[in-house]
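Using the working numbering, you'd call the opening residue of the sequence shown number 34 and step up by one each time.
No residue lacks a Cβ here, since even glycine has one placed at the ideal position from N, Cα and C.
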Amino acid sequence: MRSRARTHVATLLLSAVLASAVLAVGGGPAHARTPSASPSPSASPPPSPSASPSSAFRPPASVDGGAWSSGHLQGTAIDRRRGHMYFSFTNLLVKTDLAGRPIGSVTGLTGHLGDLDFNSADGRVYGSLEYKGAQAFYVAIFDGSRITRMNMDARTTDVLSTVHLREVVRDYTADMNGDGVFDGDTGNTPDHRYGCSGIDGVVFGPGLNGRGGVRLTVAYGVYSNTTRTDNDHQVLLQYDVRDWRKYERPLSEDALHTSGPASPDGKFFAYTGNTTYGVQNLEYDEDSGNWLMAVYKGKKAAFPNYGLYVVDGSKPARRGEVKGQPRPESGRILSLLPRGLHHEPSGVYGYESGGQYGLVSLDDGRYYVAEAGTVDSGGTTLQTGRAVLHRWTGLVPNPFAVRGPAG
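As structure tokens, then:
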């Protein structure tokens with residue numbers, strides 16, 4: 034999932050005041066807002082649910098996600114019809130309107146909440162959720178219509194359900210050296226198939242096998258390890274979530290469940306070279322038909338270690354070699370878009386850009402690219418995040434250019 038904070042003195046002072054105010058009224062850990070996000074009784078209501086996104090949605094130049102006592106920004110999602118933005122701050126979900134005013138938040142998460150995406154088919158927000166110590170990995174599903182106030186507890190309210198991903202557990206816990214020992218949450222080991230460290234990027238889009246239909250795509254986290262050769266792919270799982278209601282369970286961190294599909298509907302590999310924790314933000318762009326994978330750069334000298342890779346959506350996955358595995362292995366191989374920067378020795382294409390902290394396509398050449406940072410509030414470090422409107426240029430090294438509001 035990824036610091037450019039707005040650190041004006043006035044912001045710091047007002048953040049401190051707001052943090053103190055939240056502490057005074059209680060409601061769990063202090064989550065202070067930045068001044069631009071203060072509620073306004075006179076604010077215009079969000080667009081009517083009956084209005085279409087194309088006619089009612091006018092994207093602002095940026096949406097401020099506020100400043101919080103939390104983990105750093107991991108991902109963003111937008112509900113264009115209702116005019117809501119969602120921000121994942123690792124252990125906190127924040128819902129705002131498009132002016133950055135807070136509407137609600139979900140707390141009580143002790144796992145790692147990563148990338149987000151909005152499912153227009155059911156009006157809910159899907160995110161990756163990890164409990165590595167318990168060897169449990171979930172898709173978290175938030176009912177945004179029920180997030181109506183601040184500090185709603187994920188464990189005791191009805192805003193969150195979860196679905197267990199067994200395939201991720203199998204790869205994460207794989208004993209690759211056959212010593213009978215699970216080496217735990219560390220990259221300094223030959224264990225973890227494909228270098229799997231869990232999950233992060235999530236997005237809805239078409240089947241990567243070219244057969245159509247909307248799927249939820251979940252990307253692996255991948256440990257940074259320069260001493261092995263079997264961790265040079267980004268691994269994407271696809272699921273048809275239309276029947277997932279039968280799997281969904283409330284979050285109970287004291288008794289983590291294993292209700293979920295036995296296997297994914299498809300497993301795919303994109304050869305990029307090793308990255309640091311895999312695909313942080315995954316996004317599908319309906320306008321181009323391509324898939325964007327924003328990553329923390331890898332460290333292997335044999336690869337270019339770009340920050341953004343693009344999967345060519347015009348080429349369905351093909352059966353081919355999953356390179357570097359201990360034993361020969363074939364799988365469904367994705368093609369990188371042959372544009373941007375090109376590293377001839379490895380054959381890898383990519384770009385240098387942001388998006389690791391949040392990436393949202395508006396499906397018309399415009400994207401919200403998130404920025405993460407920190408501010409100091411009375412000696413407490415608060416995490417900040419905002420989504421900034423860009424347009425896709427395709428230029429190198431950075432294919433995104435900042436763009437103003439609608440138009």
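query                                                                                                               : result
Residue closest to Ala100, alpha-carbon to alpha-carbon, out of Arg134, Ala335, Arg114 and Ala110                   : Arg134
Within 8 Å, strictly: CB atoms of Leu367 and Val343                                                                 : no
Range of the contiguous alpha helix (DSSP H) that encloses Tyr205                                                   : Arg199 to Tyr205
Rounded straight-line distance, which links the Cα of Tyr253 to that of Asn307                                      : 12 Å
Neighbourhood of Ala70 by C-beta, 7 Å cutoff - its chain only, sequence neighbours within 5 removed                 : Note on Ala70: pLDDT 35, under 50, position unreliable in the model; the coordinate value appears next. These residues qualify, in order along the chain: Asp97, Gly99, Thr129, Gly133, Arg134 and Pro135.
As assigned by DSSP and simplified to three states, the class of Tyr227                                             : helix
Nonlocal neighbours in the same chain, by C-beta distance under 6 Å from Ala167, ignoring five residues either side : Leu289
Given Ser138 as reference, the closest of Arg179, Phe151 and Leu149 once Cα atoms are compared                      : Arg179
Pick from Arg113, Leu125, Ala110 and Ser95 that is closest to Gly104, judged by C-alpha positions                   : Leu125
Below-8 Å beta-carbon distance, Gly98 vs any chain C residue                                                        : Of the protein chains in this structure there is only one, and it is not chain C.
Top-ranked residue by Cα proximity to Asp148, from Tyr159, Ala154, Leu142 and Asp224                                : Tyr159
Gly211 versus Tyr164, Val202, Pro359 and Gly353, residue with shortest Cα-Cα distance                               : Pro359
Three-state class that DSSP yields for Ala434 in the structure shown                                                : strand
Option nearest Thr305 by Cα separation, candidates Asp298, Val255 and Thr109                                        : Val255
Buried versus exposed, by CB contacts within 10 Å (16 or more), Thr143                                              : exposed
Distance CB(Gly346)-CB(Val429) smaller than 8 Å                                                                     : no
Anticipated Cβ contact below 8 Å, Thr414 with Thr407, distance rounded                                              : 5 Å
The segment 269 to 278 / the segment 234 to 247 touching (three or more Cβ pairs under 8 Å)                         : yes
Helix, strand or coil at Arg365 [DSSP, three-state]                                                                 : strand
Buried/exposed call for Trp324, threshold 16 Cβ in 10 Å                                                             : buried
Thr417 to Phe301 span [Cα, whole Å]                                                                                 : 34 Å
Alpha-carbon to alpha-carbon, Ala303 and Tyr339                                                                     : 14 Å
Cβ neighbours of Pro349 in the same chain (closer than 6 Å, five flanking residues each side left out)              : Asn242 and Gly243
Expected contact under 8 Å - CB spacing of Gln267 and Asn314 to nearest Å                                           : Between Asn314 and Gln267 the Cβ distance is about 12 Å, and since that is not below 8 Å, they are no contact.
Val55, DSSP secondary structure in three states                                                                     : Because Val55 sits at a pLDDT of 36, beneath the cut-off of 50, its placement in the model cannot be relied upon, and the following sentence gives the value as read from the coordinates. Three-state result, Val55: helix.
Cβ-based neighbour list, Asp176, same chain, cut-off 6 Å, excluding 5 preceding and 5 following                     : Arg157 and Val192
Separation of Gly240 from Asp298, as counted between CA atoms                                                       : 9 Å
Alpha-carbon spacing of Thr222 relative to Tyr382, whole angstroms                                                  : 28 Å
Nearest-angstrom Cα separation, counted from Thr195 out to Pro337                                                   : 37 Å
Residue nearest to Gln432 in terms of C-alpha spacing, selected from Tyr384, Ala169 and Gly213                      : Inspection of the sequence shows that residue 432 is occupied by Pro rather than by Gln. Checked all of Tyr384, Ala169 and Gly213; the closest Cα to Pro432 is Tyr384.
Simplified DSSP state of Ser296, which is helix, strand or coil                                                     : coil
Cβ neighbours of Asn152 in the same chain (closer than 8 Å, five flanking residues each side left out)              : Val158, Tyr159, Phe237, Leu249 and Val274
Strand pairing of Asp130, partner residues [DSSP]                                                                   : His117
Beta-bridge pairing of His423 - partner residues as DSSP gives them                                                 : Tyr400 and Val435
Beta-carbon spacing of Asp233, Tyr317 below 8 Å                                                                     : no
According to DSSP, residues forming a beta bridge with His290                                                       : DSSP lists no partner for His290.
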